[in-house]
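Before any comments, here is the structure.
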Amino acid sequence: MEYNQIRVLEVVPSLSRAAGVARFAYNMALYHDEQRVHYDFLHHAIINGQMMHEKTYDQDLLQRGSKVYTVNYAGAGFLRFVKEVGAFFKQHGSEYDIVHCQMPNSAFCVLRDAKKAGIKHRVLHSHLNNSSDKFLHRVRNMPLNAIGKLYATDRLACSEDAGRFLFGNKPFTVIRNGIPIEQFAYNPDRSNRLRAELGIGLDDPVIGCVGRMVKQKNYPFAVKVFAQFLNRRPDAKLVFIGDGTDRAELEQVIHDEGVAASVLLLGVREDIDQLYSMFDVFFMPSLYEGLPVSCVEAQAAGLPCVYSMDVPHESDITGTGTFVDRSADLSEWVKALDQASQENRLVQNPRLLAERGYSVKDNAEVLMQYYEHLMADGQ
1 MEYNQIRVLE
11 VVPSLSRAAG
21 VARFAYNMAL
31 YHDEQRVHYD
41 FLHHAIINGQ
51 MMHEKTYDQD
61 LLQRGSKVYT
71 VNYAGAGFLR
81 FVKEVGAFFK
91 QHGSEYDIVH
101 CQMPNSAFCV
111 LRDAKKAGIK
121 HRVLHSHLNN
131 SSDKFLHRVR
141 NMPLNAIGKL
151 YATDRLACSE
161 DAGRFLFGNK
171 PFTVIRNGIP
181 IEQFAYNPDR
191 SNRLRAELGI
201 GLDDPVIGCV
211 GRMVKQKNYP
221 FAVKVFAQFL
231 NRRPDAKLVF
241 IGDGTDRAEL
251 EQVIHDEGVA
261 ASVLLLGVRE
271 DIDQLYSMFD
281 VFFMPSLYEG
291 LPVSCVEAQA
301 AGLPCVYSMD
311 VPHESDITGT
321 GTFVDRSADL
331 SEWVKALDQA
341 SQENRLVQNP
351 RLLAERGYSV
361 KDNAEVLMQY
371 YEHLMADGQ
């Protein structure tokens, strides 16, 4: 049985190029079949007309034929946010077959208003195995998440860990965070060119961190570990790709540890796929995660990876990562980074990722089929 084009509204926190959820949503839209599914987007990364992030996918998606709608940032005015979400669905709700909410703590109004607008299929998507890095926010999010789940008709997660965190024993479907694997494959020419541009020696060990500069990523801790690592490898460099609200704190820790000469803050980059080739180790000491897009990208580049135990073990798709408890002595972290930095590129990783279902094309197809099954069941 054939159906008309399915119109899906993707609700995401932002379309920042530094955000993993945004990269997932963008990848799904980039590799979709427009005859089968049309994507529009709604996010709240704007305050009084000022975008909160400098480098985003907004214009790219608009040029590709999607509509991108915004409401004012919830953190700058909660009641205004709720009111604007309601007004959006009152005006545009009838245009969509499915609303796919990737903001669990906003689902209480997003999915509620989608239901009021008559949208039968309301998907809630879990991307994390915790609700916030701040205690008061976790307390706030508990009732919001609980209410939001009441309005969801279907449940998705990026990993088993993330799904169990949000949905408990309720059934959910895992949609992998697929990436364009070949785009991230290691290229020595890229590495040499980028190292020359950034003043990094060809043999200097480069530890890379990729993601938003927020408490969740635990970057001040990464700097403290790196300061000890420099005692073993004084030629090493620590490179951060991304930006965020905690950048000033990170800069202060870099200064306090006396490692400014060995740390590079590159901000949000559009050549992130190339920068992985410059790294020797991918470092993620996060407080919590779901299944980070960046760790999939790092594995596609054949990088040895060092994670905290709070990153789901599912993230180690290729079975080549090292996990360290955050309570462990810094020397344990230094040892893990040292061992990883001496490993060769893991050339089998791209093949393993493809075999285990992390091709973006495959995942875009899986997601479209998921939507098609929802529509078929609703007929």
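If you count the sequence shown from 1, position 349 lands on 349 in full-length UniProt numbering, and the numbers rise without skipping.
The C-beta atom is built at its ideal place from N, Cα and C for all residues, glycine as well.
Note that this is a predicted model, so its numbers are computed, not measured.
Looking only at Val214, Leu264, Glu314, the smallest Cα-Cα distance to isoleucine 207 is reached by Leu264.
Boundaries around histidine 373 are those of the alpha helix (DSSP H), 360–377, since no beta strand (DSSP E) includes it. Contact between alanine 222 and proline 285 is confirmed by a C-beta separation of about 5 Å, below the 8 Å threshold. One alpha carbon belongs to histidine 100, the other to leucine 9, and they sit about 6 Å apart.
Counting every other CB atom within 10 Å of its CB across the protein chains shown gives aspartate 377 a total below 16, marking it as exposed. For lysine 237, the three-state secondary structure derived from DSSP is strand. Cysteine 295: member of the alpha helix (DSSP H) spanning 293–300, first to last residue. With a cutoff of 8 Å on beta-carbon distance, leucine 79 and proline 104 are scored as not near each other. Note that the region 163–180 does not touch the region 242–255; fewer than 3 beta-carbon pairs, one per stretch, sit closer than 8 Å. The beta-carbon separation of alanine 300 and alanine 185, rounded to 6 Å, stays under the 8 Å limit for a contact. Residues of the same chain with a CB within less than 6 Å of the CB of phenylalanine 282, apart from the 5 flanking positions on each side, are Gly208, Ala298, Leu303, Cys305 in chain order. In the structure shown, glycine 75 adopts helical secondary structure according to DSSP, grouped into three states.
Separation of phenylalanine 108 and serine 191 (C-alpha to C-alpha, rounded to the nearest whole angstrom) is 46 Å. Rounded to whole angstroms, the gap between the alpha carbons of phenylalanine 229 and glutamine 339 is 11 Å. The Cβ atoms of leucine 266 and phenylalanine 240 sit closer than 8 Å to each other.
Apart from sequence neighbours up to five positions away, the residues of its chain that approach leucine 374 with a beta-carbon distance below 7 Å are Ile98, His121, Asp154, ordered along the chain. Sixteen is the threshold: since fewer than 16 other Cβ atoms of the shown chains lie within 10 Å of the Cβ of lysine 116, the residue is exposed. Under the three-state reduction of DSSP, isoleucine 200 is assigned to coil, being neither helix nor strand. For isoleucine 47, same chain residues with a beta-carbon under 8 Å away, outside a window of 5 residues either side, are Asn72, Tyr73, Ala76 in chain order. Taking every protein chain shown into account, the CB of methionine 309 has fewer than 16 other CB atoms within 10 angstroms, so this residue is exposed. A residue is called buried when at least 16 other Cβ atoms come within 10 angstroms of its Cβ; arginine 356 does not meet this threshold and is exposed. Leucine 156: member of the beta strand (DSSP E) spanning 154–157, first to last residue. Setting aside the 5 residues that flank it on each side, glycine 49 has no residue in the same chain whose C-beta is closer than 7 Å to its C-beta. Per DSSP, reduced to three states, the secondary structure at phenylalanine 41 is strand. Close CB contacts of valine 334 within its chain, under the 7 Å cut and outside five residues either way in sequence, are with Val225, Gln228, Phe229, Arg232 (chain order). Within the same chain, and ignoring the five residues on either side of histidine 43 in sequence, the residues whose Cβ sits closer than 7 Å to its Cβ are Val12, Pro13, Ser14, Leu15, Thr70. As the crow flies, the alpha-carbon of alanine 87 is around 14 Å from that of glycine 118.
Taking aspartate 273 as the centre and dropping the five residues before and after it, the same chain places the C-beta of Gln183, Phe184 closer than 6 Å to its C-beta, in chain order. Beta-bridge annotation (DSSP): glutamine 50 is paired with Ile47. In this chain, the alpha helix (DSSP H) harbouring histidine 255 covers 247–256. Remark: C-beta atoms of histidine 32 and alanine 45 do not approach each other more closely than 8 Å.
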